[in-house]
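Novice:
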Amino acid sequence: MTDPAPFSLPPDAPCGEDAAREQPAFGPRHVAIIMDGNGRWAQQRGRPRLFGHQEGARRAAEVVEACPALGVRYLTVFAFSTENWKRTQAEVAGLMTLFRRYISKEARRLVEHGVRVRFIGDRDRLEPKLVQVMDDLEALTEDNATLHFTVALNYGGRDEVTRATRRLAREVAAGRIAPDAVDAETLARFLDTHTLPDPDLVIRTSGEARISNFLLWQSAYAEYEFVDTLWPDFTADHFERIVGEYGTRERRFGAVRG
Ligand code: FPP
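Position in the sequence shown counted from 1, then plus 982, gives you this note's numbering.
1) Could you check the C-alpha separation between residue 1198 and residue 1090 for me, to the nearest Å?
2) If we ignore side chains and look at the alpha-carbon of each, how far apart do residue 1040 and residue 1081 end up?
3) When every heavy atom of the ligand FPP is checked, does at least one fall within less than 7 angstroms of the C-beta of residue 1066?
4) In whole angstroms, what is the alpha-carbon distance linking residue 1093 and residue 1079?
5) So, helix, strand or coil for residue 983, using DSSP?
6) Determine the closest residue to residue 1202 out of 1224, 1170, 1208 and 1220, with distance taken between C-alpha atoms.
7) Count the C-beta pairs between the segment 1168-1186 and the segment 1095-1114 that are closer than 8 angstroms, then say yes if the count reaches three, no if not.
8) Decide if residue 1025 is buried, meaning its Cβ has at least 16 other Cβ atoms within 10 Å, or exposed.
9) In chain order, what residues of the same chain have a beta carbon less than 7 angstroms from the beta carbon of residue 1017, not counting five sequence neighbours either side?
10) Cα separation between residue 1049 and residue 1219?
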């Protein structure tokens, strides 16, 4: 993967507490989703796991479309983790084909809706054909700003922090950054998410209450919502309800109640 340009964070994308404090009074600016339960959904219907992933891809497209009307400017979804390679070869191959087709099929609609697409994660292990469509879609949508849609693909929070630290260490070793000048913001600028604000709300479907290595650094101050619904059953209505309820939560970022 190419190294991100250090210090390229745009002024409208602050990190951490600052980002969370700057959001509008109601509604999350950045929602991240762990789309879990595709396999169980398919198995309950006596169908192959890939059938669940295909249906899950449709739900992802519907949630993307729902975002602008709800005031959600950033949506990040966990499509494939660094741990998902442990699945059967058939499921991994099926998912990779699904990602490639999804990207090619959705490209026009995403452009029409003004969606800017980014991918986070380590691309080195992905098939070149898949990386090509990812690069193409990022380039095609780079001027869009209605919604910033980020897909985490071969992504792991620890892997991301490790890769970022390696790049930062190179800058320090080369004498371009002083060791004592390294703070949390310096490291954040080397993360895959360096152009995004931190998520305000992280949703996980399927009844599991874990974060599974997703946006570990970035979710330090996020609210979490764990819902029992399996991802292929998760509709735009579920999303709207959760986003609406977020406005009623009080976020204190470690401070005492005011
Ligand atoms: C987790 O369910 C889901 C995945 C690992 C794949 C997610 C992929 C999609 C929803 C389709 C592609 C979407 C985009 C936006 C490219 P699971 O298989 O772990 O379910 P289980 O826990 O029931 O087994």
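Every residue gets a Cβ at the ideal spot worked out from N, C-alpha and C, and that includes glycine.
Specialist: Reading it off the structure:
1) 32 angstroms
2) 12 angstroms
3) yes
4) 21 angstroms
5) Below a pLDDT of 50, predicted positions are generally treated as unreliable, and residue 983, at 37, falls in that range; no measurement from the model is reported.
6) 1170
7) yes
8) exposed
9) 1038, 1042, 1059, 1060, 1187 and 1213
10) 11 angstroms
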